[in-house]
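A.B. asks: Okay, here's the structure, questions in a sec.
There are 2 protein chains.
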Amino acid sequence: MVDEVEQVPILRLTEEGKSSADDVVVTEFPLTIVLNNQELVTLLCSPKNLDYLAVGFLSSEALLKSKEDIKKITVDERRGVVRVETETENKEAGELVFKRLITSGCGRGTSFYSAADVEGQAKVESQTKISALEVFELMKEFQHRSHIFKSTGGVHSAALCDTKSILIFSEDIGRHNAIDKIFGECILKDIPTGDRILVTSGRVSSEILLKASKKNIPLLISKSAPTDMGVKLANDLGVTLIGFVRGKRMNVYANDWRVLEHG
Amino acid sequence: MVDEVEQVPILRLTEEGKSSADDVVVTEFPLTIVLNNQELVTLLCSPKNLDYLAVGFLSSEALLKSKEDIKKITVDERRGVVRVETETENKEAGELVFKRLITSGCGRGTSFYSAADVEGQAKVESQTKISALEVFELMKEFQHRSHIFKSTGGVHSAALCDTKSILIFSEDIGRHNAIDKIFGECILKDIPTGDRILVTSGRVSSEILLKASKKNIPLLISKSAPTDMGVKLANDLGVTLIGFVRGKRMNVYANDWRVLEHG
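Just so you know, the protein sequences line up as chains A and B, in that order.
All you need for our numbering is the position in the first sequence, starting with 1, plus 14.
All you need for our numbering is the position in the second sequence, starting with 1, plus 14.
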């Protein structure tokens, strides 16, 4: 089993002088996803819950719809390979992912906004509401849970929540991966996402917003900032977008009708 | 001209209650790079210095070696296209970038470490040294310079420095883009990088480390954390890697002989 963190020797310099020490850094693990014997992609990730990541990735890329589609999952951690077999073979999967990855990742993509992707996307209609106090409490719990971040500062976290508590929590060196791991676990454990809340440590770009809205998530909460396209998509797709939740302050960027001042 | 930031109406909630306000968010701009009439890639970026980004990207992807390779650069900001014509046509450029992007971006890539990429990479031999005090001062200036981050919290910054001051500074929604913009400007303005220092706001993964070492940068300084592969590559490629520079503290993860306690 590969560890999620590794100890490295460092030289620490402060005003008081220098000293040798050990520091904990986060592990970068290359995971290759194979769908029906076709090598799709290699992701750099944190080496935990590789099956969730593979399933979540395939679902986010629209190559897998539900748990029933999955015939078999084989995780070879030593070689860094997850093999997924599905009921329906998608012959163009390779090309699809190829095209998709070019338009995905951290600032390495095109705007999805004008794409067919968004046009076909149904508006999120959930009537779930949340109070400001509940948002502050969720974010407090979310930050308490982030163990690897606390020891390394090197990962993103994501969580699926209801208004009262965290249901699923994940950490990964990639902010997309952290969210895909959540969705993969939801698929494999039959956990519905339709009236839930997604919390992320990362910035909310159009890609993150679209990923959440595809899962029918009505509320997206971030510790960080959104982009203009993130805000525009949230407005158009009916997602409540809350950013900069810090202490007892927050900004609601879209669909503020789901946020109650008291309660 | 597209603005780098945009004002959006928000609802602000604090302990004192709610109020309508305006907030500034960062713009997501899709830029398509065309090399010798071949559409290579569309990047999501901040809409500034698009020519630097295109040239820096092509250089980082080894599709362009020097300023002399460039015949013509045309920036069509309205359409979001930069066209670059080079002396030598690279017929396989499309495939190369395709393959490369799959292994690039935020946690969406394979480890370069075992790749030919790294094997062919020369060790950085520069004898440049820096004192702890100079590192603290550079980081202080770096954080002062980050205007868009201060107003939006939505961008990464990068800077090329000597031991005394910042020579080039850039901000972008993508941490790879911010660094590519620096290298693009260096190429177009004939600014050497061989004895310089690269400062980044972002985490240092194997990909960032490799990008810097290809430009022969001896010192890489980050406000944030490195990954285990970032540290391993820094050791092997002769790069001094400094992380977690905060106030008067810092960690040296590799090649600490370039860091002087006093001076």
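Even glycine gets a Cβ: it sits at the ideal position worked out from N, Cα and C.
#1: What residues in the segment 140-159 of chain A have a beta carbon less than 7 Å from any beta carbon of chain B?
#2: Kindly list, in the order they appear in chain A, the residues whose Cβ is closer than 8 Å to that of residue 238(B).
#3: Any beta-carbon of chain B closer than 8 Å to the one on residue 24(A)?
#4: What are the residues of the segment 254-267 of chain A that lie near chain B, defined by any Cβ-Cβ distance shorter than 8 Å?
#5: In its own chain, which residues sit with a C-beta less than 7 Å from the C-beta of residue 50(B), not counting the 5 before and 5 after it?
#6: Show which residues of chain B have a CB atom less than 7 Å away from the CB atom of residue 243(A).
#7: Take residue 266(B) and list the residues in its own chain whose beta-carbon comes closer than 6 Å to its own, dropping the five residues that flank it on each side.
#8: Quick check: the Cα distance between residue 234(A) and residue 178(A), rounded to an integer number of angstroms?
#9: Only counting runs of 3 or more residues, tell me where the beta strand (DSSP E) segments fall wholly within the segment 43-98 of chain A, in order along the chain.
#10: So does the segment 25-32 of chain A actually touch the segment 40-56 of chain A, counting three or more Cβ pairs closer than 8 Å?
#11: Please confirm whether residue 3(B) has its beta-carbon closer than 8 Å to some beta-carbon of chain A.
#12: Using a C-beta to C-beta distance shorter than 9 Å, which residues of chain B count as neighbours of residue 228(A)?
#13: On a CA-only basis, which of 253(A), 75(A), 87(A) and 224(A) is nearest residue 63(A)? Give me that one, please.
#14: May I have the straight-line CA-CA distance separating residue 116(A) from residue 149(B), to the nearest angstrom?
#15: So what does residue 27(B) bridge to, in DSSP terms?
#16: Comparing alpha-carbon positions, which option in 144(A), 95(A), 169(A) and 176(A) lies nearest residue 38(A)?
#17: Evaluate residue 215(B) with the Cβ neighbour count: other Cβ atoms within 10 Å of its Cβ, from every protein chain shown; 16 or more gives buried, anything less gives exposed.
#18: Does residue 273(A) get closer than 8 Å to chain B when you measure Cβ to Cβ?
#19: Quick one: grab the DSSP three-state call for residue 158(B).
#20: In the DSSP output, which residue or residues are listed as bridge partners for residue 220(A)?
#21: For a contact defined as C-beta to C-beta under 7 Å, what are the partners of residue 32(A) on chain B?
#22: State buried or exposed for residue 16(B), treating a residue as buried only when at least 16 other CB atoms are found within 10 Å of its CB.
#23: Based on the DSSP secondary-structure assignment, which residues constitute the bridge partners of residue 135(B)?
#24: If you drop the 5 nearest sequence neighbours on each side, which residues of the same chain put their C-beta closer than 7 Å to that of residue 19(A)?
#25: So for residue 248(A), helix, strand or coil by DSSP?
#26: Check whether the Cβ atoms of residue 213(B) and residue 153(B) sit closer than 8 Å, and answer yes or no.
#27: By DSSP's criteria, residue 257(B) is part of a beta bridge. Which residues make up the other side?
#28: Given a limit of 8 Å on CB to CB distance, which residues of the segment 53-67 of chain A reach chain B?
#29: List, in order along the chain, the chain A residues whose C-beta lies closer than 7 Å to that of residue 270(B)?
#30: Between the Cα of residue 225(A) and those of 239(A), 204(A), 198(A) and 237(A), spot the shortest distance and give me the residue it belongs to.
#31: Among 173(A), 141(A) and 238(A), which residue has its Cα nearest to the Cα of residue 183(A)?
#32: Strictly under 8 Å for the Cβ-Cβ distance: is residue 217(B) near chain A by that measure?
#33: Using 8 Å as the limit for Cβ to Cβ distance, is residue 69(A) near chain B?
#34: Where does residue 115(B) sit, in a helix, a strand or coil, going by DSSP?
#35: Is residue 20(A) close to chain E? Criterion is C-beta to C-beta, closer than 8 Å.
#36: Please decide whether residue 122(A) counts as near chain B, where near means a Cβ-Cβ distance under 8 Å.
C.D. replies: On the basis of the coordinates in this document:
#1: 146
#2: 167 and 168
#3: yes
#4: 258, 262, 263, 264, 265, 266 and 267
#5: 99, 100 and 103
#6: 42
#7: 256 and 273
#8: 15 Å
#9: 43-49, 52-59 and 84-90
#10: no
#11: With chain B running from 15 to 277 in the structure shown, residue 3(B) is simply not present.
#12: In chain order: nothing, as chain B lies at least about 18 Å away.
#13: 87(A)
#14: Caution is warranted here: a pLDDT of 41 is assigned to residue 116(A), below 50, making its placement in the model unreliable, and the coordinate value is therefore given only provisionally. When rounded, the distance between both Cα atoms is 36 Å.
#15: 264(A) and 32(B)
#16: 169(A)
#17: buried
#18: yes
#19: helix
#20: DSSP lists no partner for residue 220(A).
#21: 275
#22: exposed
#23: DSSP output for residue 135(B) lists no bridge partner at all.
#24: 38, 39, 40, 41, 162, 165 and 166
#25: helix
#26: yes
#27: 265(B)
#28: 55, 56, 57, 58 and 59
#29: 25
#30: 198(A)
#31: 173(A)
#32: yes
#33: no
#34: A caution first: residue 115(B) carries a pLDDT of 47, below 50, which makes its placement in the model unreliable, though a value can still be read off. Here residue 115(B) sits in helix by DSSP.
#35: Absence of chain E from the displayed structure is noted, the protein chains being A and B.
#36: Only weak support exists for where residue 122(A) lies, its pLDDT of 41 falling under 50; the value from the coordinates is given anyway. Yes, its Cβ sits closer than 8 Å to a Cβ of chain B.
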